[in-house]
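Per the working numbering, the very first residue in the sequence shown carries number 10; after that it's consecutive. Glycine is no exception: its CB is placed at the ideal position from the N, C-alpha and C atoms. Note that this is a predicted model, so its numbers are computed, not measured. First the structure, in the form of structure tokens, and then the observations on it.
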Amino acid sequence: MPQSAPALLIINGKRASNEALRLTVHQLRAEQLTLHVRVTWKHGDVARYVEEAARLGVGTVVAGGGDGTINEVASALAQLQVQRCPALGILPLGTANDFAMACNILLALEPALQLAIKGCSVPIDLAKVNNERYFINMATGGFGIHITTETPEKLKAALGGVSYFIHGLLRMDRLQADRCEIRGPDFHCSGEALVIGIGNGKQAGGGQPLYLNALINDGLLQLRLLIADEPLPALVAALLNDEESKNIISSALPWLEISVPHEMTFNLDGEPLAASIFTLSCYRKPSNAAYRPTAPYWAN
């Protein structure tokens with residue numbers, strides 16, 4: 010079997026007690042693979058571990074967690090100089106694992122970690138926001154952000170991704186529109202928006218497919234806008250019945266700007282960012298790579 014380059018696995022502290030993960034790490038090390046393991050406990054740990062990975066000269070930094078952990082690792086990698094930047098690997102350990110699932114990465118620990126470390130790497134896109142923050146899967150604003158940020162941890166632990174949908178139904182009293190204006194190449198719209206979604210990946214909210222045509226390496230962001238141009242009961246009925254609705258606006262853009270008359274919070278892979286103007290664009294670093302989900306394992 011070809012010798013893989015050293016790797017560093019960053020595990021979200023909430024998942025550190027996973028005994029199956031410990032066994033998987035031991036198995037890989039038994040194959041004479043150099044695998045460093047670091048556990049996050051507080052803000053700033055990820056950036057420090059990624060910097061350490063660059064000093065160690067590892068070939069891959071594996072993000073072990075959900076979309077938020079993947080976001081942190083990818084964002085930290087984007088800050089490194091090109092010649093020092095390892096590839097990004099993904100070990101899905103979160104509640105919803107939307108980005109990993111959309112990339113067809115298996116949720117089983119052993120094959121997912123094998124693929125992250127030994128698979129073939131390809132360049133992918135990140136989305137850059139206001140020239141300071143990033144997201145790898147999706148950004149949401151409006152009513153949608155209340156669902157993802159307020160879903161109780163116990164509900165997520167018990168029900169997984171479906172918890173977001175259930176909690177959304179329970180919080181319909183919070184449903185209200187925000188005035189916004191959105192511009193992009195050959196695109197302009199303004200009005201009252203209930204939900205604004207910008208996708209680099211295909212799905213969010215625990216497996217809800219939102220952007221079936223989205224690709225993480227096409228240089229485009231998928232915009233989906235739910236506007237409030239008709240009474241709420243009729244709008245909700247149409248959405249629940251999967252009817253075509255004039256209230257849904259979609260587009261694929263390399264960049265876009267969103268402006269609102271007051272401060273709005275966007276959820277970037279689970280992390281909030283508040284502003285009144287959001288400029289979003291595709292960003293690709295020459296060595297920024299995730300492992301191709303369909304790459305074969307190395308032969309024994």
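If contacts are defined as beta-carbon pairs under 8 Å, then residue i and residue j qualify, I think. What distance do you get, rounded to the angstrom?
i	j	result
L335	L230	Nothing in the structure corresponds to residue 335, since the chain is present only between 10 and 309.
T49	N27	Actually they do not touch by this definition, with Cβ atoms about 14 Å apart.
L86	C94	6 Å
I207	A136	7 Å
G228	D134	6 Å
Based on Cα-Cα distance, which residue from the options lies nearest to residue i?
i	options	result
R38	E119, C112, R57	E119
N140	Q88, D187, H45	Q88
L282	P101, T149, G68	T149
A213	G279, I257, D195, E272	G279
G74	S130, P132, T104, K211	T104
I257	L232, T69, V138, V55	L232
E272	D187, L30, L116, R24	D187
L265	L289, A284, L65, K255	L289
Q41	A29, G53, K23, S13	S13
L44	G66, R24, G53, K23	G66
V138	A25, R24, N209, K23	N209
S84	G128, G53, L30	G53
N226	I145, L30, Q90	I145
L32	R64, L122, L115	L122
N92	G228, R64, L30	Correcting the residue identity first, residue 92 is Gln in this sequence and not Asn. Minimum Cα distance to Q92 is reached at R64.
L17	A29, L115, K127, K23	K127
Straight-line CA distance for residue i to residue j?
i	j	result
A113	G200	Per the sequence presented here, residue 113 reads as Asn, with Ala not at that position. When rounded, the distance between both Cα atoms is 36 Å.
A125	R57	21 Å
I79	I19	10 Å
R47	I236	44 Å
L224	E190	25 Å
P218	L234	15 Å
H197	G151	19 Å
S260	I286	19 Å
C291	K51	29 Å
N62	P15	The residue asked about is misnamed: residue 62 is Ala in this sequence, not Asn. Near 10 Å, if we compare the C-alpha coordinates of P15 and A62.
G77	A202	25 Å
T69	A96	5 Å
R293	A111	19 Å
A117	A109	11 Å
G98	V71	4 Å
S268	V82	28 Å
H35	L102	18 Å
A25	F275	29 Å
S131	G193	First, the amino acid is wrong: residue 131 is Val here, not Ser. Whole-angstrom Cα-Cα distance: 27 Å.
L115	P270	43 Å
A29	D195	50 Å
Check for me: the beta strand (DSSP E) holding residue i runs from which residue to which?
i	result
K137	135 to 138
Y292	280 to 292
I6	As displayed, the chain neither begins before 10 nor continues past 309, which places residue 6 out of reach and without an answer.
V269	264 to 277
So is residue i buried or exposed if we call it buried at 16+ other beta carbons inside 10 Å?
i	result
V59	buried
R142	buried
V55	buried
N222	exposed
K255	exposed
Taking only beta-carbon atoms, is residue i less than 8 Å away from chain C?
i	result
R31	This model lacks chain C altogether, as it is built from one protein chain only.
Where do the N-terminal and C-terminal ends of the alpha helix (DSSP H) with residue i fall, by residue?
i	result
H35	28 to 39
D107	107 to 111
Q123	118 to 127
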